[in-house]
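Line by line, the protein sequences give chains A and B. So for the first sequence, my numbering puts the first residue at 132; every next one is plus one. So for the second sequence, my numbering puts the first residue at 132; every next one is plus one. All residues carry an ideal CB built from backbone N, CA and C; glycine is no exception. As the structure is a prediction and not an experimental result, all values here were calculated from the model. Report on the following structure.
Number of protein chains: 2
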Amino acid sequence: MSLKLAVLGLLDVEPGSGYALLQRFRTSLGFFWQTTHQQLYKELHGLHEEGLVDCETVSQETRPDKKVYSLNARGAAELDALLTKAATPTKIRDPLLVKIFCGRRLGSDALRAEVESHRRKHEQTLALYRMLHEQIGKRPAAVRQRYHHPELTLRLGIRFEEAWLAWCEEIGAEL
Amino acid sequence: MSLKLAVLGLLDVEPGSGYALLQRFRTSLGFFWQTTHQQLYKELHGLHEEGLVDCETVSQETRPDKKVYSLNARGAAELDALLTKAATPTKIRDPLLVKIFCGRRLGSDALRAEVESHRRKHEQTLALYRMLHEQIGKRPAAVRQRYHHPELTLRLGIRFEEAWLAWCEEIGAEL
DNA sequence: ATCATCATGTAACCAGTTACATGATTAC
DNA sequence: GTAATCATGTAACTGGTTACATGATGAT
């Protein structure tokens, strides 16, 4: 249900083509939710069939035609309904944890190398998140207001990456 | 692939029936990976078809028959192969984040209530993890050795729950 | 009596991934 | 010429969830 919510939420801010939505997704919700263009297009078809979004085909001169989707009244109602339903916390579901859990067969060297590789990735992600957070902080208050909710999620992202980093360092030293 | 790895890993420690494996799963790997009995049984059927596990039907007097699965040489090789493949980090994928991201339509009251409900759940989970961690710490060194890898994953669990808690408190106060 | 535990499964469905496919335009 | 960007899709498959199903034993 989360992708549906995500797409409705993106369309609530601004209408757009599948392609445009995917780009907005990648630089926002995409930091903590994943999708592919295939799934996004599928979701948009589904929403259209359900009558929750309107779709207008726009011809362009130098670019291929595009389908611009926009939220209609029924879609807005559905978005509100989804927002009202309680969300339940999910598990971490990171394959690294399964590997470490089952890792007694693997030597310490291999595990340490894997943890180090993850550490580097999380370090990069943390740097990115901090940069994005700083950028939001620099905007005038009026603009910052519009980014308030996304900014809240970014802060969890930062805390998580910090936790990953600290853990990788701690257990890397112990392995 | 992670469930496959998880099941092979569990069988590597000790053979067991689907039912027994599920119970071991729930009190260990299940803290950060999810599964249902349906999926576990399906996975076991698959592993058996692939010839990675052996299966022996055991009749019991007062209990229904059970199928005891055990890792064979091919399964052990497959486990090693899976352990050697690098794992890539995943996204958080928690529906609460999607909701908050799209939450400008929802009032602050509703969001605050939802965050508070999550805070309570994470508080409970943290308490559980800390208790489990303490229990491991109390065991004699020889036993602790066997729980070393699981204990490492538990420590990430604790860090994550702490991050969730701190974040819920922070943004709950701000909303 | 009623409920939890032991023990296993089928079936339908939804969500997500990977591979394959097309074709123009623009920037280097 | 080569690669990136714009723009959309189909199809096969894997992984995960939910609903339905059975039936004995042991504890309260």
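Count the CB pairs spanning the region 224–244 of chain B and the region 285–293 of chain B that are closer than 8 Å, and state whether there are at least three. no
Interface flag, H264/A vs chain B, CB-CB below 8 Å: Locating residue 264/A in the first sequence gives position 133, where the first residue counts as 1. No, H264/A lies away from the interface with chain B (no Cβ there is under 8 Å from its Cβ).
Determine the closest residue to G140/B out of S201/B, G177/B, L237/B and P195/B, with distance taken between C-alpha atoms. For the purposes of this step, residue 140/B is taken as the residue at position 9 of the second sequence. Comparing Cα positions, the closest option is S201/B.
Looking only at DSSP bridge pairs, what is T188/A linked to? Translated into positions along the first sequence, residue 188/A becomes position 57. K198/A, per the DSSP bridge assignment.
What residues in the region 222–237 of chain B bring their beta carbon closer than 8 Å to a beta carbon of chain A? K222, I223, R224, D225, P226, L227, L228, V229, K230, I231, F232, C233, G234, R235, R236 and L237
Whole runs of the beta strand (DSSP E) within the region 203–271 of chain A, excluding any shorter than 3 residues: none
Got a sec: is the Cβ-Cβ distance from T193/B to anything in chain A below 8 Å? As a working mapping, residue 193/B is identified with position 62 in the second sequence. Taking Cβ atoms only, chain A never reaches closer than 8 Å to T193/B, which makes this a no.
At 8 Å on the CB atoms, spell out the chain B contacts of S201/A, in chain order. The count along the first sequence starts at 1 and reaches residue 201/A at position 70. None at all; the shortest Cβ gap to chain B is about 16 Å.
Would you give the residue range spanned by the alpha helix (DSSP H) that L183/A belongs to? As a working mapping, residue 183/A is identified with position 52 in the first sequence. Taken as a continuous stretch (DSSP letters only), L183/A belongs to no alpha helix (DSSP H), as it is neither H nor E.
Which partner residues of G140/A appear in the DSSP bridge assignment? Taking the first sequence and counting its residues from 1, one reaches residue 140/A at position 9. According to DSSP, which records beta bridges pairwise, G140/A is partnered with nothing at all.
Residue range of the unbroken alpha helix (DSSP H) whose run includes F162/A: Here residue 162/A is taken as the residue at index 31 of the first sequence, counted from 1. Here F162/A belongs to no alpha helix (DSSP H), and DSSP marks it neither H nor E.
Counting along the chain, where does the alpha helix (DSSP H) carrying L152/A start and finish? For the purposes of this step, residue 152/A is taken as residue 21 along the first sequence, with counting starting at 1. Taken as a continuous stretch (DSSP letters only), the alpha helix (DSSP H) holding L152/A covers G149 to R157.
Assign A137/A to buried or exposed, taking buried as 16 or more other Cβ atoms, counted over all protein chains shown, within 10 Å of its Cβ. As a working note, residue 137/A is residue 6 in the first sequence. Label assigned to A137/A: buried.
Under a three-way DSSP split, which group does T193/B fall into? By 1-based counting over the second sequence, the position of residue 193/B is 62. The answer is coil: DSSP assigns T193/B none of H, G, I, E or B.
Compute the distance between the beta-carbons of A297/A and R290/B, then report whether it is under 8 Å. Start at 1 with the first residue of the first sequence, and residue 297/A comes out as number 166. Start at 1 with the first residue of the second sequence, and residue 290/B comes out as number 159. Yes.
Could you check whether the Cβ of S239/A sits closer than 8 Å to any Cβ belonging to chain B? The sequence position of residue 239/A within the first sequence is 108, counting from 1. By this cut-off, S239/A is not an interface position.
Provide the residue span of the alpha helix (DSSP H) that contains E145/B, from first to last. Translated into positions along the second sequence, residue 145/B becomes position 14. Counting along the chain, E145/B falls outside any alpha helix (DSSP H), and DSSP gives it neither H nor E.
Determine the chain B residues that contact G140/A at a beta-carbon separation under 9 Å, and present them in chain order. Walking along the first sequence from the start, residue 140/A turns up at place 9. In chain order: V229, K230, F232, C233, G234, R235 and R236.
Are there 16 or more other CB atoms within 10 angstroms of the CB of G84/B, so buried, or fewer, so exposed? Residue 84/B is absent from the model: chain B starts at 132 and stops at 306.
Which of the three DSSP states is assigned to L175/B in this structure? For this step, residue 175/B is matched to residue 44 along the second sequence. L175/B falls in the helix class under three-state DSSP.
Considering only C-alpha positions, which residue in the set E300/B, S148/B, W164/B and K216/B is nearest to H249/B? Translated into positions along the second sequence, residue 249/B becomes position 118. Checking every option, the nearest Cα to that of H249/B belongs to E300/B.
Chain-ordered chain A contacts of K252/B [CB-CB under 7 Å]: As a first step, residue 252/B is located in the second sequence; it is residue number 121 there, counting from the start. Under the 7 Å cutoff, chain A gives P220.
Contacting residues, own chain, Cβ-Cβ under 6 Å from K197/B (five flanking each side not counted): Taking the second sequence and counting its residues from 1, one reaches residue 197/B at position 66. These residues qualify, in order along the chain: S148 and V189.
Of the residues E293/B, H279/B and T219/B, the one placed nearest S239/A, counting alpha carbons only: The residue you call residue 239/A lines up with position 108 of the first sequence. Looking at the Cα atoms, H279/B is the closest of the given residues.
Do R224/A and R224/B count as a contact pair if the criterion is CB distance below 8 Å? Taking the first residue of the second sequence as position 1, residue 224/B is located at position 93. Taking the first residue of the first sequence as position 1, residue 224/A is located at position 93. Contact flag set, yes.
Does DSSP classify L287/A as helix, strand or coil? Position 156 of the first sequence, counting from 1, holds the residue named residue 287/A. Helix at L287/A.
By the criterion of Cβ-Cβ separation under 8 Å, what are the contact partners of R243/B in chain A? By one-based count along the second sequence, residue 243/B stands at place 112. Here the premise fails: no neighbours, minimum Cβ distance about 12 Å.
Classify L306/A as helix, strand or coil using the three-state DSSP reduction. Here residue 306/A is taken as the residue at index 175 of the first sequence, counted from 1. Correct three-state label for L306/A: coil.
Looking at F163/A: is its Cβ nearer than 8 Å to the Cβ of K252/B? Residue 163/A sits at position 32 when you count from the first residue of the first sequence. Residue 252/B sits at position 121 when you count from the first residue of the second sequence. No, the pair does not count as a contact, with Cβ atoms beyond the cut-off.
Taking C-beta pairs closer than 8 Å, name the residues in chain A that A137/B reaches, listed in chain order. As a first step, residue 137/B must be located in the second sequence, where it is residue number 6. Neighbours of A137/B on chain A, chain order: V229, F232 and C233.
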